[in-house]
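Protein chains in written order, with our numbering: chain A, 1 to 396; chain B, 397 to 792. Here's the structure we're looking at; comments come further down.
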């Protein structure tokens, strides 16, 4: 089945570049714009696969590199693949380890052939090549594979950025060859290309053109949300979206806060992943009316009402907000469990609201409304004061 | 309703002192022998009240002292009581804080009036008196209240043990007066007496006699599992059981491993609580065929079968054991969540097996079988080798 039969766009916003569609995958349809909860090590932190299914998640993200190191991609293959291992039966997208080439860059050595990472958890050397990553993703049973790439930190010089981008583009071509050789074809297996280009508009456009010419089933914008100012991220993601093929899904990797997602949808992005809903939960932060609030704040101490009276998640349906606040203060595991559930529920409902607004032709007004309401809660790149321990760019 | 209508014994073992019965409480019947999962701070660690209900827990334990300090017994009262706060609708037994008089003894000052504890979490002084504890337990909405007592560590001298025991007995009498004054009567509110006496047989018998003469609805054996050798615990618990009224429930506080519970049931004990199922889970230890096993052990690394193929809990029904082992090694929250669920399920099923055996007249053989099978797994006071971080007597 060609990719254009896998991805169908069924509505477009008349005022923005937003579009609503569906990815028809054998393990289940994925309605876009979609948010993927992050399950780096084969678990969306603190939640079960059954809970994610009940929350309506259609697609989750796991990390090929991390699972290759622990418990081992061969181990998972022998046990019947990642879906069976973690009891999640809907589609999985696997990130390649390109992010770890950045986040573990002090422990990584990059050559034209690939990258060697001295893993901080096991102390062992893991070798990743463009071909090897496809093999790992095949073993895991990934539904949507990402190729190995080499993003660069914000502030990297022009020459090094150009070199890493050209290498990422060459690696992308090698990944395409390898997936063909292995017969990993749609709709069972999608492979998305990743545009790089650092923080240079020219390199971003070059990379979009080169990657866009390769036979990928969709295209990701990589290397953003890597420490750059929010306006830089937005300018580059908009420019990148415009430069990538319109008829394939576009994935803005690692983004972000609710307003970041709404803005990127307006720029034509279809797929998102971010650790924030579960990481913020572990720091006592929950989303209420599209804004992150800190449960340690004294206003919640004796709050008899639910955290969000409009929310239908278990944490809001069963408990007074004061109970959640107590669990957070007492550092009880149930606290991060219930807040993780609430925050993932919130993100999935946000995407539903976005899709409905696009289908109804009202997305422009929806985006303006959320911009107005949440801009007052601070810059979109920083949750409200009191969000202690909030750190968007460390490893999940 | 007098207490003998609340507690009914319906079967007795012909070979041991074991008996099976039921505590008829307004919030639901509690079949005995019963194991109470420990929810010190209003949460059985890592589990929801809904999960405990689905597992068939009939009675859980919370700690009046800890909840009085955090979030405050007045706060919980204003929010409608502990049951509503934590969304648990079956009975709750509240421990008094007597255990903390022991475990926080370096921060506690005891007088005839009561005890002042410098709380290690808040840094504030909490004052507990026999009357004040009853008031706190009334505020929380406790179904089964425990009075303030003063247990002593193993190795305490005879004079100090006698003094603490006599004081505990006087405090017990004051608790009875206070519960009368407040009209906290069965079946809505039970109050159990606590026998003390340290590690002296004579003092244990004295205390059992004095506490046994007070109008309690049941009797607990306190101050055991406090660092003494297992044979000392068993001798004293057997002697104490014999000395306490036969027609009321008997509660062996803080015990224990499966074999400890089976032995104590044989000695006539009806109620148990212990942090082990959830604490061991947090250290990667699960009960399989009545024996604790360490999931970090290499034997689980590629185990495709469930942890316990005979177990119906979610952790065993949905996942290969290798997934649980991976979560434990990766220190994922879901790992301690699923092992906590499994271990609490195991303890509750153990009690069901015990009750069925008593009802069928086969408890003697049941106890012999479990003694034979698990004695090979090491002394009952110590789980098998490799149970890292196992420490039975620290605060939950």
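Backbone N, C-alpha and C define an ideal beta-carbon position, used for all residues, glycine too.
For the alpha helix (DSSP H) containing residue i, name the first residue and the last one.
i, result
"residue 100(A)", "98-103"
"residue 293(A)", "Unbroken run through residue 293(A) is the beta strand (DSSP E), 291-294; no alpha helix (DSSP H)."
"residue 211(A)", "201-212"
"residue 42(A)", "Neither: residue 42(A) is in no alpha helix (DSSP H) and is coded neither H nor E."
"residue 589(B)", "From DSSP, residue 589(B) is part of no alpha helix (DSSP H) but of the beta strand (DSSP E) over 586-591."
"residue 712(B)", "710-714"
"residue 363(A)", "363-375"
"residue 73(A)", "73-78"
"residue 50(A)", "49-55"
"residue 324(A)", "321-329"
"residue 642(B)", "Premise fails: residue 642(B) is in no alpha helix (DSSP H) and is neither H nor E."
Specify, as a first and last residue, the run of the beta strand (DSSP E) that residue i falls within.
i, result
"residue 571(B)", "Unbroken run through residue 571(B) is the alpha helix (DSSP H), 554-577; no beta strand (DSSP E)."
"residue 338(A)", "Residue 338(A) -> not in any beta strand (DSSP E); alpha helix (DSSP H) instead, spanning 333-360."
"residue 581(B)", "Run containing residue 581(B): none; DSSP gives neither H nor E here."
For a test of the three-state rule: what should DSSP assign to residue i, helix, strand or coil?
i, result
"residue 401(B)", "helix"
"residue 683(B)", "strand"
"residue 613(B)", "coil"
"residue 537(B)", "coil"
"residue 412(B)", "coil"
"residue 406(B)", "strand"
"residue 382(A)", "Residue placement at residue 382(A) cannot be trusted, given a pLDDT of 41 that sits under 50; what the coordinates show is reported in the next sentence. Note: residue 382(A) maps to coil in three-state DSSP."
"residue 309(A)", "coil"
"residue 696(B)", "helix"
"residue 154(A)", "coil"
"residue 637(B)", "helix"
"residue 786(B)", "Summary for residue 786(B): the model assigns pLDDT 38, below 50, so the residue's position carries little reliability; its value from the coordinates is reported in the next sentence. Residue 786(B) falls in the coil class under three-state DSSP."
"residue 792(B)", "For residue 792(B), the predicted model reports a pLDDT of 43, less than 50, meaning its position is unreliable and no value from the coordinates is stated."
"residue 675(B)", "helix"
"residue 622(B)", "coil"
"residue 84(A)", "helix"
"residue 528(B)", "helix"
"residue 68(A)", "helix"
"residue 655(B)", "helix"
Per the DSSP calculation, residue i is bridged to which residue(s)?
i, result
"residue 427(B)", "418(B)"
"residue 629(B)", "Paired residue(s): none; residue 629(B) is not in a bridge."
"residue 271(A)", "34(A) and 251(A)"
"residue 117(A)", "108(A) and 126(A)"
"residue 94(A)", "62(A) and 145(A)"
At 7 angstroms on the CB atoms, spell out the chain A contacts of residue i, in chain order.
i, result
"residue 700(B)", "79"
"residue 437(B)", "330 and 332"
Going by the beta-carbon positions, is the gap between residue i and residue j smaller than 8 angstroms?
i, j, result
"residue 119(A)", "residue 177(A)", "no"
"residue 719(B)", "residue 253(A)", "no"
"residue 638(B)", "residue 769(B)", "no"
"residue 146(A)", "residue 95(A)", "yes"
"residue 334(A)", "residue 439(B)", "yes"
"residue 641(B)", "residue 402(B)", "no"
"residue 211(A)", "residue 193(A)", "yes"
"residue 463(B)", "residue 487(B)", "no"
"residue 367(A)", "residue 262(A)", "yes"
"residue 370(A)", "residue 13(A)", "no"
"residue 203(A)", "residue 156(A)", "no"
"residue 654(B)", "residue 746(B)", "yes"
"residue 669(B)", "residue 419(B)", "no"
"residue 596(B)", "residue 554(B)", "yes"
"residue 619(B)", "residue 644(B)", "no"
"residue 591(B)", "residue 636(B)", "yes"
"residue 18(A)", "residue 348(A)", "no"
"residue 709(B)", "residue 737(B)", "yes"
"residue 475(B)", "residue 124(A)", "no"
For residue i, go through chain A and note every residue whose CB falls closer than 8 angstroms to its CB, in chain order.
i, result
"residue 732(B)", "333"
"residue 416(B)", "Correct list: empty, because the minimum Cβ distance to chain A is about 32 angstroms."
Name the chain B residues whose beta carbon is nearer than 9 angstroms to that of residue i?
i, result
"residue 85(A)", "715, 716, 718, 719 and 722"
Run down chain B in chain order and give the residues with a C-beta less than 8 angstroms from the C-beta of residue i.
i, result
"residue 75(A)", "697, 698 and 718"
"residue 329(A)", "466 and 467"
Taking Cβ-Cβ distances shorter than 7 angstroms, what residues in chain B pair up with residue i?
i, result
"residue 284(A)", "Per Cβ cutoff of 7 angstroms: no residues; residue 284(A) is ~14 angstroms from chain B at best."
"residue 48(A)", "730"
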